[in-house]
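Visitor: Just so we're aligned, residue 33 is where the sequence shown starts under this note's numbering, counting upward by one.
The beta-carbon is built from N, C-alpha and C at its ideal position, and this holds for glycine as well.
Keep in mind it's a predicted model, so treat the numbers as computed, not measured.
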Amino acid sequence: MSVIILFCAVVIFTCIFTNKFSSKLGMPTLLIFMLLGILFGEDGILKLSYNDYDLTSKLCSIALLLIIFYGGFCTKKPENKKIGFLAGVLSSLGTVLTALLTAAFCFYGLKMPFVESFLVGAILSSTDAASVFSILRSKKLNLKYNTAPVLEIESGSNDPFAYMLTVLGIFLLKGEPVTKIIPVFFEQVGYGVLFGILTALLGIFIFKKTKLVQEGYDSLFVMALALLSFAVPDLIGGNGYLSVYLTGIILGNSEIKNKINLIYFFDGITSLCQIVIFFLLGFLSTPSRLGEVFVPMLGVALFLTFAARPIATWLIMIPFRCNFRQILFVSAAGLRGAASIVFAIFVVAQDSMLKYDIFHIVFFVCLLSVAIQGSILPFLARKLDLIDEYSDVLKTFNDYQNESAITLSKTFVGENHPWVNKQLKDIKLDNNSLVLLIQRNGCKIVPKGDVQILQNDLILLGTTVTHSSSDIKLREMEITDKHEWKNKKIKDIEFQPDFLIALIKRNKTSFVPNGDTILLEGDIVVFYMAS
C-alpha cells in the first residue's frame, strides 16, 4: 500500500513540476501528463505493465464527470442568444454529423466492420473541453467575433452527445435489436435533462432558503451535488454526463454564496482529475502497438481533421452568416482528448473481442490532435487576425472575478474644507463612495451618521471602481512579449483619438502612468475607449 501511495506522490510531483516548463517547450500541458504516463508505462523507462481497463474506466469516469461539471460551472451564459444557439447546434448536430462522417469513412474507406466504424465515429465525435479551455486560458487567446464563448460552450457540452452515441454503439456491439435503441436514446436525453435541472434547483434552494450547509462545507456540498447529478440518471438509464453538465451551468450562472471559493476548490480538484486522466491514459497505452494501428489511425486522424470536422462546422456555421476566418478557426479547434479516450476504454471494457484495437486507434488520434492542433492554434489565430487586443478571454468564464474593486483614498480636512463642522449624514458623497475611518489626534473613529467632521481630521474613503456603465467602459489589455507597445514610452505611442490609458497593473501594484512611463512585458493596461 505504501508503495502505491509513494508512486502516486511521485507521479503528481512530476506532473506539477513538468507543467512549469510546458509553455517553454511549446507543448500543451495535458500532453505532458500523457507523455509522462507513457514514460512510466510498459514501453517507457520503468517498464511497468498495466492493462486494467475496468479500473481505469471507473477512475476516469469519476474524474471526467467532475471536469465536465466544472466546465459547465465556468461556462458563462452568453449575453448574445445567437452565440449560445450556434454553440448548442455545434455541440449537438455538429457532433452527430462528425460521428456519421467519420463512421462512413471507416466503413467505406478503411473497410472496418459497421459497428466498429460507428463506435470510432461516436467516440471521436466530441471536442475536448479540458484541452480547449487549457489552450484558451494559458495562451490568453482573446478571439474576435465571440469565437471563444462558441468554442467553450461547444467543447463543454458536446461530450454528453458523444457519450450517447457511444452507448448506442455499445448496444449495437452487443447485438441488441434496433427497436430497443430508440427508447434508450430518449431515456438518455430525458433523464439527463430532468435530473440535471432538478439537482441544480435543489442546490440553489438549499443554498438560498436554508441553513443546512454550514460555513466551510459549501465546496463539499457542491461536489456531492455533482456526484448525485451524475449517479441518479446513470443508474436508471439516463445520461449522467449531460445531467452533470446542466447542473454545472445552472449553478455557475446563479447567485450562490462563496462562488469564488467554490471556483478555487474545483480548480484544484479538476487539475488533479486532468493529471489522473491523462497520466492513466498514457500509462495504459502501449506505443509499440503503433505499427499495428498506424494505417487506420492516420486515416481517421487526417479525415477527422481535414474533412469530417470542417464539413460539419461549415454546414452549421454558414447559415449563421459567421465570418470566414472564424469558421476556419473553429474547424481547426476540434481537439480530441480525454473524453474520447475514456469512451474508448468504456467500449473495450465491455467487449475485448473487437477486430480492431479501438483504444489505441483513438489514443494515437487524440495524441496527434493535442500535440499538433493544440500547438498551432495560437499561431493560426494570429495568422487569421482573430486576436482581439482589447478583450480578455477570461471574462467569458464564470470564474472571472468581475466584482467591483475598492480603491482607498485619504482626504485631509483643512480650515476651508466644505466638510468642516458638518455631521457625516449631511455630507453628500458619490453613490460609490463610503467613509471608512476618521483619524483625529492619533485616534481612530468609526464613522456613524451623527459624527461631526472637525478641522485637521484625516478621512479614509473607499470608492468602488466602476468597470462599465452606459457611457464609459474600462477595458484591460496585457502587454505580451510580441506586443508593439512593449518597452515604449506612452508619449511615443500613437493612440486613436478616443483612446486613454487610465491605469497600469504591474506585478502586484497599480499606478496611474504619465507620458514617460515605459510599458513592460506583463503589464496590464486599463484603458478607456469611447468607441
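1) Given a cut-off of 8 Å, decide if residue 156 and residue 312 are closer than it, judged by their beta-carbon atoms.
2) With distances taken between CB atoms, is the gap from residue 195 to residue 271 smaller than 8 Å?
3) Just grab the DSSP bridge partners of residue 543 for me.
4) Considering just the uninterrupted stretch of the beta strand (DSSP E) at residue 476, what are its terminal residues?
5) Helix, strand or coil: how does DSSP classify residue 499 here?
6) On the three-state DSSP scale, how would you describe residue 510?
7) Hey, quick one: how far does the alpha helix (DSSP H) through residue 293 stretch, first residue to last?
8) Please report the distance separating the alpha-carbon of residue 534 from that of residue 548.
9) Got a sec, what are the start and stop residues for the alpha helix (DSSP H) residue 185 sits in?
10) Can you confirm whether the stretch 212-221 touches the stretch 258-271 when touching is taken to mean that 3 or more C-beta pairs between the two stretches lie within less than 8 Å?
11) Identify every residue that forms a DSSP beta bridge with residue 472.
12) In the DSSP assignment, what are the bridge partners of residue 490?
13) Is residue 521 helix, strand or coil when you go by DSSP?
14) Is the stretch 92-107 close to the stretch 178-196, with three or more CB pairs under 8 Å?
15) Suppose the cutoff is 6 Å on Cβ atoms and the five residues either side in sequence are ignored; what does the same chain contact list for residue 335 look like?
16) Taking the alpha-carbon positions, what's the residue 474 to residue 490 distance?
17) Which value, in whole angstroms, describes the spacing of the CA atoms of residue 240 and residue 120?
18) Under 8 Å, with one C-beta from each stretch per pair, do the stretch 176-185 and the stretch 113-130 reach the 3-pair mark?
19) Taking buried to mean at least 16 other C-beta atoms within 10 Å of its own C-beta, is residue 295 buried or exposed?
20) Cα separation between residue 550 and residue 511?
21) So, with DSSP's three-state summary, where would you put residue 358?
22) Going by the beta-carbon positions, is the gap between residue 379 and residue 393 smaller than 8 Å?
23) From the DSSP output, in three-state form, read off residue 211 for me.
24) What are the complete beta strand (DSSP E) segments, minimum 3 residues, inside the stretch 391-417?
25) So is residue 504 buried or exposed if we call it buried at 16+ other beta carbons inside 10 Å?
26) Could you tell me the alpha carbon to alpha carbon distance between residue 344 and residue 64, rounded to whole angstroms?
27) Would you identify the three-state DSSP class for residue 107, choosing helix, strand or coil?
28) What did DSSP end up calling residue 484 once you bin it into helix, strand or coil?
29) Given residue 352, which residues of its chain have a CB within under 6 Å of its CB, disregarding the five upstream and five downstream residues?
30) Rounded to a whole number of angstroms, what is the C-alpha to C-alpha distance between residue 254 and residue 369?
31) For residue 175, write down the residues that DSSP places opposite it in a beta bridge.
32) Sort 225, 555 and 44 by Cα distance to residue 537 and report the nearest one.
33) Going by beta carbon distance, what residues of the same chain come within less than 6 Å of residue 131, once the five residues before and after it are set aside?
34) How long is the line joining the alpha carbons of residue 265 and residue 229, rounded to whole angstroms?
35) Give me, in chain order, the residues of the same chain whose beta-carbon lies closer than 6 Å to that of residue 236; leave out the 5 immediate sequence neighbours on both sides.
36) Considering only residues of the same chain and omitting the five flanking positions on each side of residue 245, which have a CB-CB separation below 7 Å?
Guide: On the basis of the data shown:
1) no
2) yes
3) 536
4) 475-477
5) In this prediction, residue 499 has a pLDDT of 43, which is less than 50 and means its spatial position is unreliable; nothing more can be read from the coordinates.
6) strand
7) 291-316
8) 14 Å
9) 179-189
10) yes
11) 475
12) 444 and 471
13) strand
14) yes
15) 137
16) 10 Å
17) 29 Å
18) yes
19) buried
20) 11 Å
21) helix
22) no
23) helix
24) none
25) Below a pLDDT of 50, predicted positions are generally treated as unreliable, and residue 504, at 48, falls in that range; the measurement from the model is reported next regardless. Result: exposed.
26) 30 Å
27) strand
28) strand
29) 118
30) 26 Å
31) 419
32) 555
33) 153, 154, 157 and 197
34) 12 Å
35) 286
36) 238, 239 and 253
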